[in-house]
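Read the structure below first, then the notes.
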Amino acid sequence: MKNNTSNPPMIIVVCGPTGVGKTMFAIRLAQRFKGQIVGADAMQIYRRMDIGTAKPTIDEQAMVRHHMVDIVEPETPFDAAMYGQRAHAVIQRLLARGVPP
Numbered sequence: 371m372k373n374n375t376s377n378p379p380m381i382i383v384v385c386g387p388t389g390v391g392k393t394m395f396a397i398r399l400a401q402r403f404k405g406q407i408v409g410a411d412a413m414q415i416y417r418r419m420d421i422g423t424a425k426p427t428i429d430e431q432a433m434v435r436h437h438m439v440d441i442v443e444p445e446t447p448f449d450a451a452m453y454g455q456r457a458h459a460v461i462q463r464l465l466a467r468g469v470p471p
């Protein structure tokens, strides 16, 4: 999607408390709009931290591409600024390909 004022890029944001069905809702939206999911959960970025994080299952991740999930080791320092830089790069790549994040 080209970023211009007459046709701004579509970025869908799904947010809410844990356990309300955000993951499946986001998957359905991504499928409907041929998009991909950019995770924004502070704990889901860590590898091997599946319990207690409500991380998308392997089956859910197979339904639609997920970004920003399992990207760093738990012992690796990773702050909000680092997340923002990485997520921004992912979003820009998706938009450049015409894929709604």
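Counting from 371, one number per residue, gives the positions in the sequence shown under our numbering.
Backbone N, C-alpha and C fix where the C-beta goes; we use that ideal spot for every residue, glycine too.
Query: When DSSP builds the beta bridges, which residues end up paired with residue 442?; Result: 416
Query: Assuming residue 384 and residue 395 are in contact, meaning their beta carbons sit under 8 Å apart, how far apart are those beta carbons, in whole angstroms?; Result: 6 Å
Query: Quick check: the Cα distance between residue 419 and residue 411, rounded to an integer number of angstroms?; Result: 12 Å
Query: When you compare the CB positions of residue 457 and residue 438, do they come within less than 8 Å of one another, or not?; Result: yes
Query: Sort 404, 469, 463 and 449 by Cα distance to residue 416 and report the nearest one.; Result: 449
Query: How many Å lie between residue 469 and residue 405 at the Cα?; Result: 5 Å
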